[in-house]
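A.B. asks: Below are the structure tokens for one structure; questions will follow.
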Amino acid sequence: MVPTNYYLVLSAILFGLGIVAFVFKRNIITMFMAIELMLNAVNLAFVAFGKPDGQVFVLFVVVVAAAEAAVGLGIIIMTARNRRSLNVERVDLMKL
Amino acid sequence: MNEFLTHYAFLIVPIIKVAILMFLVLTVDAYVTWMERKVVAHIQARWGPYRVGPHGLLQPVADGLKFILKEDPMPAGVDKIAYFLAPFLTMMLALTSLAVIPFGPHHFTLWGYESYFSIADLNISLLALFAITALGVYGVVLAGWASNNKYSLLGGLRSSAQMISYELALMLSVVGVLLLAGDFSLRGIVEQQGQSGRGLLSWNLFPQIIGFVCFFTAAIAETNRVPFDLPESESELVAGYHTEYASMKFAMFFLGEYTNMITASCLCTILFFGGWLSPFPASWTFTYYLPAVLLILFGLWLIYDGIRYETLFGRLLLPGVGVALLALGGALFAFPGINGYVQGPFWFLSKVFVFLFVYIWMRGTLPRFRYDQLMSFGWKLLLPVSIANLVLTATVIFIWGKP
Amino acid sequence: MNASLIIFFLLAAVAVFGAVSLILQREPIHGALSLIVVMVALAGLYLLIGAEFVAAVQIIVYGGAVMVLFVFVIMLLNAGEEERTNFSKLAGFGGIPLALALSGLIAAALMRSSGSLPSTASHGALTSTKTLSMLLFKDFAYPFELTSFLILVAILGAVVLAQREN
Numbered sequence: 042m043v044p045t046n047y048y049l050v051l052s053a054i055l056f057g058l059g060i061v062a063f064v065f066k067r068n069i070i071t072m073f074m075a076i077e078l079m080l081n082a083v084n085l086a087f088v089a090f091g092k093p094d095g096q097v098f099v100l101f102v103v104v105v106a107a108a109e110a111a112v113g114l115g116i117i118i119m120t121a122r123n124r125r126s127l128n129v130e131r132v133d134l135m136k137l
Numbered sequence: 010m011n012e013f014l015t016h017y018a019f020l021i022v023p024i025i026k027v028a029i030l031m032f033l034v035l036t037v038d039a040y041v042t043w044m045e046r047k048v049v050a051h052i053q054a055r056w057g058p059y060r061v062g063p064h065g066l067l068q069p070v071a072d073g074l075k076f077i078l079k080e081d082p083m084p085a086g087v088d089k090i091a092y093f094l095a096p097f098l099t100m101m102l103a104l105t106s107l108a109v110i111p112f113g114p115h116h117f118t119l120w121g122y123e124s125y126f127s128i129a130d131l132n133i134s135l136l137a138l139f140a141i142t143a144l145g146v147y148g149v150v151l152a153g154w155a156s157n158n159k160y161s162l163l164g165g166l167r168s169s170a171q172m173i174s175y176e177l178a179l180m181l182s183v184v185g186v187l188l189l190a191g192d193f194s195l196r197g198i199v200e201q202q203g204q205s206g207r208g209l210l211s212w213n214l215f216p217q218i219i220g221f222v223c224f225f226t227a228a229i230a231e232t233n234r235v236p237f238d239l240p241e242s243e244s245e246l247v248a249g250y251h252t253e254y255a256s257m258k259f260a261m262f263f264l265g266e267y268t269n270m271i272t273a274s275c276l277c278t279i280l281f282f283g284g285w286l287s288p289f290p291a292s293w294t295f296t297y298y299l300p301a302v303l304l305i306l307f308g309l310w311l312i313y314d315g316i317r318y319e320t321l322f323g324r325l326l327l328p329g330v331g332v333a334l335l336a337l338g339g340a341l342f343a344f345p346g347i348n349g350y351v352q353g354p355f356w357f358l359s360k361v362f363v364f365l366f367v368y369i370w371m372r373g374t375l376p377r378f379r380y381d382q383l384m385s386f387g388w389k390l391l392l393p394v395s396i397a398n399l400v401l402t403a404t405v406i407f408i409w410g411k412p
Numbered sequence: 005m006n007a008s009l010i011i012f013f014l015l016a017a018v019a020v021f022g023a024v025s026l027i028l029q030r031e032p033i034h035g036a037l038s039l040i041v042v043m044v045a046l047a048g049l050y051l052l053i054g055a056e057f058v059a060a061v062q063i064i065v066y067g068g069a070v071m072v073l074f075v076f077v078i079m080l081l082n083a084g085e086e087e088r089t090n091f092s093k094l095a096g097f098g099g100i101p102l103a104l105a106l107s108g109l110i111a112a113a114l115m116r117s118s119g120s121l122p123s124t125a126s127h128g129a130l131t132s133t134k135t136l137s138m139l140l141f142k143d144f145a146y147p148f149e150l151t152s153f154l155i156l157v158a159i160l161g162a163v164v165l166a167q168r169e170n
């Protein structure tokens with residue numbers, strides 16, 4: 042059988058890769074996808090312990106992530122339309 | 010050798026089943042295209058393919074040769090990864106969804122490994138099927154994006170928006186069946202329908218008629234067939250998302266669509282029409298010979314029709330196939346053991362064939378929806394009706410218990 | 005080296021490959037495809053643990069709805085390649101080894117604590133959907149209703165944000 046800490050190590054690695062992607066990429070949508078990667082890594086950590094409580098919590102995390110994706114992508118569309126660029130370094134002033 | 014087989018039987022038996030199913034499904038796909046062209050032609054008062062083999066039976070072979078030998082151009086400016094991935098993804102997902110469908114009730118033991126008449130027997134086979142359907146959107150949307158063509162992009166976006174809208178209605182209309190069966194596995198759903206042994210009356214069709222209508226409509230929309238085929242219609246959008254695909258890649262989209270149609274028909278029969286159960290009650294044992302009788306009658310008709318056919322090849326082939334079917338029917342009469350095994354798959358395949366015929370019949374008869382009519386139908390009519398069916402079923406089960 | 009371990013390493017390699025590909029891709033659409041690969045690999049890992057319902061929900065909701073939303077937005081905004089703005093070399097040469105060192109430290113700490121963790125499901129035991137639904141609708145009924153409210157708020161927010169300025 043696969044020991045639990047193997048799953049936790051994989052979850053830590055994926056979380057770290059998500060942080061690297063979030064810090065080093067400049068496209069808003071790619072950064073948002075890095076957030077989803079981090080959420081998935083945390084889901085794996087929840088399920089790894091094998092108890093049904095963790096799995097129920099994963100369902101809640103999935104729902105929250107879906108709601109956040111919907112609203113966040115709406116905001117991204119509005120921002121991209123107003124500033125005509127998807128580069129997050131261009132979104133540095135309140136003035137358009 | 011025998012020891013090797015017994016030790017690795019858990020790998021070898023599924024591989025054999027996969028090989029058999031692949032071969033059967035790809036052949037049936039090709040002949041569903043033949044059936045579609047013949048049926049639509051007869052609805053439109055013409056004959057359809059007639060020349061290529063007797064009754065046009067070798068037309069799919071000719072089409073296959075054409076697809077293999079035709080030039081496969083790749084337009085400039087396409088996104089190479091997505092362009093190659095889209096048809097491959099469509100066909101792979103369509104063929105994978107056939108792995109969880111049970112074709113018959115029996116389990117047989119081969120080299121010490123016990124298995125059923127399906128490739129994979131999961132506890133959650135219905136959910137796995139929905140998961141694969143949900144991923145099927147990507148084939149369409151990537152095909153639309155990858156072709157450097159605004160009509161393809163529009164067609165791809167429309168088609169994928171349609172597919173994700175009707176997915177919700179598809180999944181919700183099935184929940185009534187799940188409440189009755191208490192089990193996510195397709196085998197469990199069919200067995201629950203067969204428990205009372207009353208044949209036709211115990212199928213899920215009668216308690217769940219609203220669910221069936223919603224499911225069938227949503228399934229037609231999911232597979233992009235008429236009347237929901239605006240995104241790929243030839244007259245509106247120059248073939249939509251697969252405009253820029255030629256020969257082999259187009260054949261993959263084509264095969265993917267027909268395989269999706271077959272999967273949707275299989276799901277309809279399993280969920281609402283009793284799967285492999287015969288419509289006659291289990292106590293009428295004389296109906297076990299019905300497959301054999303039908304085979305013999307079909308063989309006799311083929312011999313009668315083939316003897317007076319125009320071409321020599323038809324005069325040889327058709328009666329030959331007829332004699333083979335006669336022999337098969339006779340064998341079923343003579344060996345009751347094989348007859349027992351044949352019952353389940355025979356009823357299952359006949360019901361799937363009826364559903365495929367209804368799909369093709371709708372294609373020949375109905376006009377197509379406009380895009381805004383399609384979307385408002387999906388969200389404003391089908392989804393509330395599915396939810397109402399769910400609430401009604403749950404209330405009835407809570408008050409009166411399961412039938 | 006039993007079969008479960010081999011499958012675990014295979015799926016873990018696919019997941020890490022997808023995550024690295026998300027970092028290295030220039031076009032957002034290819035990054036979205038890499039993230040879909042990660043999610044399907046994670047669904048396979050959930051199946052290996054025995055959480056079959058969560059695996060199916062992961063593919064249906066994450067892979068079939070959330071990522072489709074991402075792909076739609078990328079196509080709508082016609083997101084092309086990333087621009088080359090000034091990328092500080094210090095961040096590259098100092099940051100990536102530091103991130104790897106941090107991950108390595110966490111991984112080493114986790115590997116050393118193998119004795120004290122509860123083990124995953126024993127061989128072949130699947131968590132039935134019935135168990136999950138009993139938990140979800142009895143013990144966790146209040147968070148469940150709150151999430152339905154959350155989804156309603158998200159739908160209203162998305163509708164308001166998508167309106168055109170008339």
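Residue numbers (the numbering used here), protein chains in the order written: chain A, 42 to 137; chain B, 10 to 412; chain C, 5 to 170.
All C-beta atoms, glycine included, are put in the ideal place defined by N, C-alpha and C.
All of these numbers come straight from a predicted model, not from anything done at the bench.
Buried or exposed for isoleucine 110/B, going by 16 or more other Cβ atoms inside 10 Å?
C.D. replies: Here residue 110/B corresponds to residue number 101 of the second sequence, with the count starting at 1. Buried is the call here.
A.B. asks: Could you tell me whether the Cβ atoms of leucine 107/B and threonine 272/B are closer together than 8 Å?
C.D. replies: Residue numbering aside, residue 107/B sits at position 98 when the second sequence is read from its first letter. Residue numbering aside, residue 272/B sits at position 263 when the second sequence is read from its first letter. Yes.
A.B. asks: Report the residue from Ile116/A, Leu85/A and Glu77/A whose alpha carbon sits nearest the alpha carbon of alanine 166/C.
C.D. replies: Your numbering for residue 166/C matches position 162 in the third sequence. Nearest of Ile116/A, Leu85/A and Glu77/A to alanine 166/C, Cα basis: Ile116/A.
A.B. asks: For isoleucine 63/C versus alanine 140/B, is the C-beta spacing smaller than 8 Å?
C.D. replies: One-based indexing of the third sequence puts residue 63/C at position 59. One-based indexing of the second sequence puts residue 140/B at position 131. Yes, these two residues count as a Cβ contact at 8 Å.
A.B. asks: Whether or not the region 91 to 100 of chain A and the region 128 to 143 of chain C are in contact is what I'm after, with contact meaning three or more pairs of Cβ atoms, one per stretch, closer than 8 Å; do they touch?
C.D. replies: They touch, by the three-pair rule.
A.B. asks: When Cβ atoms are compared, which residues of the region 10 to 35 of chain C fall closer than 9 Å to chain B?
C.D. replies: Per Cβ criterion, the list reads Glu31, Ile33 and His34.
A.B. asks: So, at 8 Å on beta carbons, what are the nonlocal neighbours of lysine 66/A in its own chain, with the 5 sequence-adjacent residues on each side left out?
C.D. replies: Within the first sequence, the letter at position 25 stands for residue 66/A. Excluding residues within five positions, the ones whose Cβ falls inside 8 Å are Met72 and Ala75.
A.B. asks: Drop a sphere of 10 angstroms on the beta-carbon of histidine 251/B, count the other beta-carbons inside from all chains shown, and report buried for 16 or more, exposed for fewer.
C.D. replies: For the purposes of this step, residue 251/B is taken as residue 242 along the second sequence, with counting starting at 1. Histidine 251/B comes out buried.
A.B. asks: Can you tell which of Trp43/B, Met83/B and Thr99/B has its C-alpha closest to the C-alpha of aspartate 72/B?
C.D. replies: The count along the second sequence starts at 1 and reaches residue 72/B at position 63. Cα-wise, what sits closest to aspartate 72/B is Trp43/B.
A.B. asks: Under 7 Å Cβ-Cβ, which residues of chain C neighbour asparagine 132/B?
C.D. replies: Translated into the one-based positions of the second sequence, residue 132/B becomes position 123. Within 7 Å Cβ-Cβ: Glu56 and Leu130.
A.B. asks: Please state the DSSP three-state secondary structure of asparagine 132/B.
C.D. replies: Residue numbering aside, residue 132/B sits at position 123 when the second sequence is read from its first letter. It is coil, neither helix nor strand.
A.B. asks: Residues of chain A with CB under 8 Å from isoleucine 40/C, in chain order?
C.D. replies: Sequence index remark: in the third sequence, residue 40/C carries index 36 (1-based). Per Cβ cutoff of 8 Å: no residues; isoleucine 40/C is ~10 Å from chain A at best.
A.B. asks: Counting pairs of beta carbons, one from the region 256 to 275 of chain B and one from the region 156 to 173 of chain B, are three or more of them closer than 8 Å?
C.D. replies: Short answer: they don't touch.
A.B. asks: Have a look at Trp154/B, Ala178/B, Ser256/B and Pro288/B and flag the residue whose alpha-carbon is nearest the alpha-carbon of phenylalanine 386/B.
C.D. replies: Indexing the second sequence from 1 puts residue 386/B at position 377. Phenylalanine 386/B has its Cα closest to that of Ala178/B, out of Trp154/B, Ala178/B, Ser256/B and Pro288/B.
A.B. asks: If the cut is a Cβ gap below 8 Å, which residues of chain A does glycine 161/C touch?
C.D. replies: Within the third sequence, numbered from 1, the residue matching residue 161/C stands at position 157. Ala111, Val112 and Gly115, listed in chain order.
A.B. asks: Could you tell me which of Ala82/A, Ala110/A, Glu109/A and Leu49/A sits nearest to arginine 58/A, measuring between CA atoms?
C.D. replies: Residue numbering aside, residue 58/A sits at position 17 when the first sequence is read from its first letter. Here residue 58/A is leucine; the residue named in the question, arginine, does not match the sequence. Checked all of Ala82/A, Ala110/A, Glu109/A and Leu49/A; the closest Cα to leucine 58/A is Ala82/A.
A.B. asks: Is threonine 133/C helix, strand or coil when you go by DSSP?
C.D. replies: What you label residue 133/C is simply residue 129 of the third sequence in a count that begins at 1. The answer is helix: DSSP assigns threonine 133/C an H, G or I state.
A.B. asks: Run through the region 74 to 134 of chain B for me and flag every whole beta strand (DSSP E) of 3 or more residues, listed as ranges in chain order.
C.D. replies: Counting whole runs of 3 or more residues, the region 74 to 134 of chain B contains the beta strand (DSSP E) stretches 116 to 119 and 122 to 125.
A.B. asks: Between the region 175 to 194 of chain B and the region 381 to 401 of chain B, are three or more C-beta pairs nearer than 8 Å?
C.D. replies: Short answer: they touch.
A.B. asks: Thinking C-beta only, is alanine 230/B closer than 8 Å to tyrosine 175/B?
C.D. replies: For the purposes of this step, residue 175/B is taken as residue 166 along the second sequence, with counting starting at 1. For the purposes of this step, residue 230/B is taken as residue 221 along the second sequence, with counting starting at 1. The answer is yes: Cβ separation under 8 Å.
A.B. asks: Nearest-angstrom Cα distance between leucine 67/B and alanine 333/B?
C.D. replies: As a first step, residue 67/B is located in the second sequence; it is residue number 58 there, counting from the start. As a first step, residue 333/B is located in the second sequence; it is residue number 324 there, counting from the start. Those two C-alpha atoms are separated by around 19 Å.
A.B. asks: Between arginine 377/B and aspartate 192/B, is the Cβ-Cβ spacing less than 8 Å?
C.D. replies: In the second sequence, residue 377/B corresponds to position 368, counting from 1. In the second sequence, residue 192/B corresponds to position 183, counting from 1. Contact: no.
A.B. asks: At the level of alpha carbons, what is the spacing between valine 87/B and leucine 163/B?
C.D. replies: In the second sequence, the residue the question calls residue 87/B occupies position 78. In the second sequence, the residue the question calls residue 163/B occupies position 154. Approximately 16 Å, taken between the alpha carbons.
A.B. asks: Note down the Cα distance separating glutamate 320/B from histidine 16/B, rounded to an integer number of angstroms.
C.D. replies: Stepping through the second sequence from its first residue, residue 320/B is reached at position 311. Stepping through the second sequence from its first residue, residue 16/B is reached at position 7. Going by the sequence as given, residue 320/B is threonine instead of glutamate. Between threonine 320/B and histidine 16/B, the C-alpha separation is close to 53 Å.
A.B. asks: Just mark histidine 64/B as buried or exposed, buried being the case when its beta carbon has 16 or more other beta carbons within 10 Å.
C.D. replies: As a first step, residue 64/B is located in the second sequence; it is residue number 55 there, counting from the start. With 16 or more other Cβ atoms within 10 Å, it is buried.
A.B. asks: What whole-angstrom Cβ distance do leucine 358/B and proline 300/B have, given they're in contact under 8 Å?
C.D. replies: Position 349 of the second sequence, counted from the start, is the residue given in the question as residue 358/B. Position 291 of the second sequence, counted from the start, is the residue given in the question as residue 300/B. The pair is not a contact, with the Cβ atoms about 10 Å apart (cut-off 8 Å).
A.B. asks: For histidine 51/B and glutamate 45/B, what's the separation of their Cα atoms in angstroms?
C.D. replies: Counted from its first residue, the second sequence places residue 51/B at position 42. Counted from its first residue, the second sequence places residue 45/B at position 36. If you take the alpha carbons of histidine 51/B and glutamate 45/B, they lie about 10 Å apart.
A.B. asks: Could you name the residues of the same chain whose beta carbon sits closer than 6 Å to that of glycine 208/B, not counting the 5 residues immediately before and after it, in chain order?
C.D. replies: Sequence index remark: in the second sequence, residue 208/B carries index 199 (1-based). Taken in chain order, the residues that qualify are Pro288, Phe289 and Pro290.
A.B. asks: Below 8 Å, can you find three or more Cβ-Cβ pairs linking the region 34 to 44 of chain C to the region 115 to 128 of chain B?
C.D. replies: No, the region 34 to 44 of chain C does not touch the region 115 to 128 of chain B.
A.B. asks: What residues from chain A crowd round alanine 83/C, counting only those whose CB sits closer than 7 Å?
C.D. replies: As a working mapping, residue 83/C is identified with position 79 in the third sequence. In chain order: Asn68, Ile70 and Leu127.
A.B. asks: Taking only beta-carbon positions, decide if valine 72/C is within less than 8 Å of chain B.
C.D. replies: Looking up residue 72/C in the third sequence gives position 68. Output row for valine 72/C: interface = yes.
A.B. asks: Taking the alpha-carbon positions, what's the arginine 217/B to glycine 185/B distance?
C.D. replies: Along the second sequence, one-based indexing puts residue 217/B at 208. Along the second sequence, one-based indexing puts residue 185/B at 176. Reading off the sequence shown, one finds glutamine at residue 217/B, where the question assumed arginine. Going from the Cα of glutamine 217/B to the Cα of glycine 185/B covers about 7 Å.
A.B. asks: Give the single residue among Glu80/B, Ala190/B and Asn11/B whose Cα lies nearest to the Cα of alanine 255/B.
C.D. replies: Position 246 of the second sequence, counting from 1, holds the residue named residue 255/B. Checked all of Glu80/B, Ala190/B and Asn11/B; the closest Cα to alanine 255/B is Glu80/B.
A.B. asks: What does DSSP give as the partner residue(s) for asparagine 128/A in the beta ladder?
C.D. replies: Working through the first sequence from its first residue, we reach residue 128/A at position 87. Bridge partners of asparagine 128/A: Asn68/A.
A.B. asks: Going residue by residue through the region 243 to 302 of chain B, where are the continuous alpha helix (DSSP H) segments of at least 4 residues, counting only ones entirely within it?
C.D. replies: Runs of the alpha helix (DSSP H) inside the region 243 to 302 of chain B: 256 to 281.
A.B. asks: For glycine 176/C, which residues from the same chain have a beta carbon less than 6 Å from its beta carbon, with the 5 sequence-adjacent residues on both sides left out?
C.D. replies: There is no way to answer for residue 176/C, as the model of chain C reaches only from 5 to 170.
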